[in-house]
Structures are given as C-alpha cells and as structure tokens.
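The listed protein sequences derive, respectively, from chains A and B.
In terms of my numbering, the first sequence opens at residue 1 and continues consecutively.
In terms of my numbering, the second sequence opens at residue 1 and continues consecutively.
Every residue, glycine too, gets a C-beta built ideally from N, C-alpha and C.
All figures in this text were calculated on a predicted structure; none of them were measured in a lab.
2 protein chains.
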Amino acid sequence: MIDKNAPIGVFDSGIGGLTVVREIMRQIPNEKIVYFGDTARVPYGSKSRETVTRFCRQIVRFLQAHEVKTIVAACNTASAYALDELEKEIDIPMIGVVKPGAKAAAAATRNGRLGVIATEATIGSRIYNQYIQQLNPGITILGKACPLFVPLVEEGLLQDPVTDEIARRYLAELIDSDIDTLILGCTHYPLIRSTIGRVMGEHVTLVNPAYETAMELKEMLREKEILNTEAPQLGSNQYQFYVSDTTDKFIRFANSIMKYGVLSAKQVNIEEY
Amino acid sequence: MIDKNAPIGVFDSGIGGLTVVREIMRQIPNEKIVYFGDTARVPYGSKSRETVTRFCRQIVRFLQAHEVKTIVAACNTASAYALDELEKEIDIPMIGVVKPGAKAAAAATRNGRLGVIATEATIGSRIYNQYIQQLNPGITILGKACPLFVPLVEEGLLQDPVTDEIARRYLAELIDSDIDTLILGCTHYPLIRSTIGRVMGEHVTLVNPAYETAMELKEMLREKEILNTEAPQLGSNQYQFYVSDTTDKFIRFANSIMKYGVLSAKQVNIEEY
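Okay, structure coming up:
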C-alpha cells in the first residue's frame, strides 16, 4: 500500500530537473515534491554509465529515506543510463523523462524522420532509438550530442549570436536529414527552445520531455490510485529542495525559472547514502 | 625522513592537471609521478569551497596511501580553495599552482597592472590578489572568470571563430584596463594560449602557472634534498594515472597532449577515501 499523501521524489544531476518540477507543479498542483539536485557532482552527461548509476543509486536511497511514493528521474542521462537497473531494486514506481519524450515524438512525426539532441551519454546510449523503434520500427532516428548547450545556458547566453552559431553547427546534419520532429533530450534545452526552433525552422515540431513526463506521471498516479486529491494546507512545506553542493547558486537559478518562490534548500552529503 | 625515491603525487579535478604533469616530466625527468584526476566529479570551478575542500581531502588521503613524498595540487580551484587548509593536515610538503603563477606574474609586470583569468571559484576567492599584493602591494590586479573556456577546450574548439568571439568578450575589460601581464589561471587555458595571446595583443605577457609550478617543485625538492637523482629503470612504471570515472576518455585526452604514451589508467572509487 502506497500512501497517496506522500511526496513525489524528483532528482536531477543539478538544476535542469527544475524544468520538470515546474511542469509537475502546473499539471498536478496538489502534489508534494521532494527534489534532489546533485550540484556537487554535476554534470552527468559527459560521464560513464557506471558512475552515473552509482550516483543515482545513492540519490534513490536518499529519496526513499524521505518516504516518497514514486521517483521521477528528471534527467535524460540518468534516465538513459540508470533507470532500468534502479527500478528493479525498489518497490515504488519510478519513471524517467526518456520514455514519455519518445512516445510523444513517435506520435508527432508525419514523415517518420525524427531527431534527438542530448548529452554525449544519452546519445551514446541510443536509448531514444530503442524506445521509439519499439513503438514504431519504421521511424528513422538521428541523434546528435550537443555538449556546449548546457554551458551556454548556464552562462545565460539564451539569446545570443554565439548560441545561434553553435546551434547552426550542431543542427546542420539534422536539417539536411529532413527530420520533421526534434526531441529536446536534455532538461536544459527547453531554455533555448526559441534558438533551436529558429534554426530548425517552423515546420519542425519540438518535443519537450519535461512536459510529457509530468503528463505521464499524472496518468500513472491516477491509474495506481495514488494521486493526492487534497489541496495542500497553507504553510505545509509542499515543496522541499535538497542539493549536494551549497545552496545559494541553486536558489538563485530556481527563482529565475520558477513562478513559485524557492525560498530555501538544504545541503546533503549524498556520498553517505 | 622523506624517501627521495618515492613518487610525487599530482591531482586535478580532471584532465587539466596533465598540463602540469607534462611540465614536471620535462623539467625533472627522473621523478616518478602518481596522478589522480577526479573525472567523476569534474568540474570544481563552479562549486563551493566546502565541497571542493571535501573532495580534495579524499584525494590527499588516496595519494598518501600511495606513499608520495610531496603533493602538487595541479588545479587552480583546488589550490585556491583547499591548499591552505589541507597542507596543515599532512606532514609532507604540498604545493599548488597559484603561488608560483602569482610570483612569476609579479616579476613580469612592468606597468604594475596585471590580469588573471580563471574559473568562477578561483576569481571569487581573490587568492591571486592576496598572493600578489603580499609580494608587491603596488600592483593592481584585475580578475575575470571565463566559465566557457573549459567547455570550449573540451569540445576541441582550440582554433575557432566561436572561441575567438568568446575570448574577445571575456577579455575586453582587461584590454581596456591596460594590463601588460595575464595569468592563465586554469590548467585548461594554456591549450588556447594562441587565441588568448592574439586577442590580448603581443605586448601582453602570458604567464602559465603549470610551467612555473614545475620550476618551483624542482626548487623545493632540491632544497629539502629529496630530488630523485637516479634515472628510472626501464619498465619501472614511472608514471601512474588514476581517475574516478572510467578510463577510456581520460586515456584519449592524455595521449592527445602528452609526448609520453599514456597506455593505461586505473579507476578508483574516491568517495571511499
């Protein structure tokens, strides 16, 4: 028996997962959330499957210690590398961002030609290809790693000629390949959605897995009858944020992208989990 | 009594410290080296003093387990944040890259106006300012964090219009300030030395702390009479490389910048130290 009043655990390598949190807040506003961002060891996207899985296992233990009812891996790299292994190890449901993004993209393409942009790890894992070809083996998938997008976003160059130039280089082969749908396969990429959209052209549909994941999470909680149906009480600490590095930078970024004021976060030594 | 035949321990947040290793190999070719690169938790330059110091303390324990005769913090951020604290905790000499760089820059400037480019952490610590003003309080120091330089180097854009454009932006205020000497205060930056030199102009002297650190290390070992005077025996495993993530990517990078072939590296779970 899972307690439907328990919080949802959400984690990411750092701050990108807040784009998923933002969608969960919008779509299922009654839910409590415990967020963990691994800001001491960020990024994951350039690291190995083994290391990322070890880090994620520690985070799952941390979230379980907070008695969450479900865990959302709000990070494409974590979803690509660690989800299959970790969901076997726990007895609460776990979802990632890759499957919902793959499903939405497979439904969106009209010409059967799909692009995925993501970290080196996510592209190297070929996980989007696997999920999409399970859904529809006729779809052609082209993947492209875009390692500079995260640092450019974190440097605040959201609307900038340098970001345009890098986007044109990374996306050139996808444009030449005549795709009609593009998955933004890293949680930072929706923050440069307008640049990516301009470079790709209006005829290309951009799929944001953060949005799709919140939809799928809501559906899953409904099916299992563990949606929290009570509106949260005032002052009830509905959203709790934890990070592995100090909290100041995290709080600044969180407040720059969330409507809800993130007033505080706590630092945790995740290596102890 | 320190064993002069023991190896020198060198560490960095990842791969950048190999530029220091390269200089040590050139300047004191008889020495054995044990290198540790924290590739699972890289980078350090955007993280807090507390977290960086905790990571460095684990690495110092790891190197001490290898019975090194001295430890070189071949990372500006580690030198800025952790060196003062950690050198008090151990009984072998420890040197960083900041003091040697500061000393060389203070000696090089003619107009008393000096620039430092480095990570956010190193610039925020104002450590170069402190050391240089101890040496000569009349020197004016201007610091500038350049967070995109490391990702640009790691993406291989060493000679590229995008790197030129980013360099022009970061360096504009230093050029306007009429500095005549610039410290490359991050171990990755010597790899884009030609771009930085072109943007700054020929009249600006670039100081590479990697080179200065190897010089100072040699001097320190001589003073303490622990220079290794014997040439290493053939097949004696003179250089050992350890990393916290998997080894493949590290070995590729190491071989791209070192003349000596880095044939192997070992993975270590540094969180256990």
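Residue interval of the beta strand (DSSP E) (run including residue i)
i: Arg-113 of chain B; result: 113 to 118
i: Leu-206 of chain A; result: 205 to 207
i: Tyr-35 of chain B; result: 33 to 37
i: Gln-240 of chain B; result: 239 to 243
i: Ile-175 of chain A; result: Where Ile-175 of chain A is concerned, there is no enclosing beta strand (DSSP E), although the alpha helix (DSSP H) it sits in stretches over 161 to 176.
i: Ala-145 of chain A; result: 140 to 145
i: Ile-127 of chain B; result: No beta strand (DSSP E) holds Ile-127 of chain B; the alpha helix (DSSP H) holding it covers 127 to 135.
C-beta atoms of residue i and residue j nearer than 9 Å
i: Val-150 of chain B; j: His-188 of chain B; result: yes
i: Ile-183 of chain B; j: Ala-102 of chain B; result: yes
i: Ile-33 of chain A; j: Ile-24 of chain A; result: yes
i: Gly-124 of chain B; j: Ala-145 of chain B; result: yes
i: Asn-76 of chain A; j: Gly-37 of chain A; result: no
i: Thr-205 of chain B; j: Ala-167 of chain B; result: no
i: Ile-251 of chain B; j: Arg-22 of chain B; result: no
i: Ile-2 of chain B; j: Asn-228 of chain B; result: no
i: Arg-49 of chain A; j: Ala-6 of chain A; result: no
i: Gly-185 of chain A; j: Ile-117 of chain A; result: yes
Exposure of residue i, with buried meaning 16 or more beta-carbon neighbours within 10 Å
i: Pro-190 of chain B; result: buried
i: Pro-147 of chain A; result: buried
i: Pro-43 of chain A; result: buried
i: Asn-255 of chain B; result: exposed
i: Leu-263 of chain A; result: exposed
i: Glu-154 of chain A; result: buried
i: Glu-31 of chain B; result: buried
i: Tyr-35 of chain B; result: buried
i: Gly-201 of chain B; result: exposed
i: Ala-121 of chain A; result: buried
i: Ser-236 of chain B; result: exposed
i: Asp-12 of chain B; result: buried
i: Gly-9 of chain B; result: buried
i: Tyr-128 of chain A; result: buried
Beta-carbon neighbours of residue i, restricted to chain A and to distances below 7 Å
i: Val-68 of chain B; result: Going along chain A, no residue has its Cβ under 7 Å from Val-68 of chain B, so there is no contact; the nearest lies around 24 Å.
i: Ala-80 of chain B; result: Within 7 Å Cβ-Cβ: nothing; Ala-80 of chain B doesn't reach chain A, min ~16 Å.
i: Ser-48 of chain B; result: Asp-245, Thr-246
Residue i to residue j span [Cα, whole Å]
i: Gln-240 of chain A; j: Gln-58 of chain A; result: 18 Å
i: Asn-208 of chain B; j: Ser-79 of chain A; result: 41 Å
i: Lys-4 of chain A; j: Arg-61 of chain A; result: 20 Å
i: Pro-93 of chain B; j: Glu-87 of chain B; result: 7 Å
i: Gly-96 of chain A; j: Leu-217 of chain A; result: 9 Å
i: Thr-213 of chain A; j: Gly-17 of chain B; result: 40 Å
i: Asn-136 of chain B; j: Thr-53 of chain A; result: 50 Å
i: Ala-210 of chain A; j: His-66 of chain B; result: 46 Å
i: Gln-64 of chain A; j: Ala-73 of chain A; result: 13 Å
i: Asp-160 of chain B; j: Leu-152 of chain B; result: 9 Å
i: Val-162 of chain A; j: Gly-197 of chain A; result: 16 Å
i: Gln-238 of chain B; j: Ala-265 of chain A; result: 47 Å
Chain B residues whose Cβ lies nearer than 8 Å to that of residue i
i: Ile-51 of chain A; result: Ile is not the amino acid found at residue 51 of chain A; the sequence shown has Thr there. Going along chain B in sequence order, the residues near Thr-51 of chain A (Cβ under 8 Å) are Ala-40, Ser-244, Asp-245, Thr-246.
i: Glu-271 of chain A; result: Glu-271
Residue i, enclosing alpha helix (DSSP H) - first and last residue
i: Gln-64 of chain A; result: 49 to 65
i: Met-25 of chain B; result: 18 to 27
i: Val-153 of chain B; result: 149 to 154
i: Ile-251 of chain B; result: 248 to 257
i: Thr-195 of chain B; result: 193 to 200
i: Ala-265 of chain A; result: Where Ala-265 of chain A is concerned, there is no enclosing alpha helix (DSSP H), given that its DSSP letter is neither H nor E.
i: Leu-158 of chain B; result: Here Leu-158 of chain B belongs to no alpha helix (DSSP H), and DSSP marks it neither H nor E.
i: Thr-77 of chain B; result: 76 to 81
Neighbouring residues, chain B, relative to residue i (Cβ below 7 Å)
i: Glu-165 of chain A; result: Val-162
i: Glu-155 of chain A; result: Pro-147, Leu-148
Interface partners of residue i on chain A, CB under 9 Å
i: Pro-100 of chain B; result: In chain order: nothing, as chain A lies at least about 28 Å away.
Interface partners of residue i on chain A, CB under 8 Å
i: Pro-232 of chain B; result: None at all; the shortest Cβ gap to chain A is about 32 Å.
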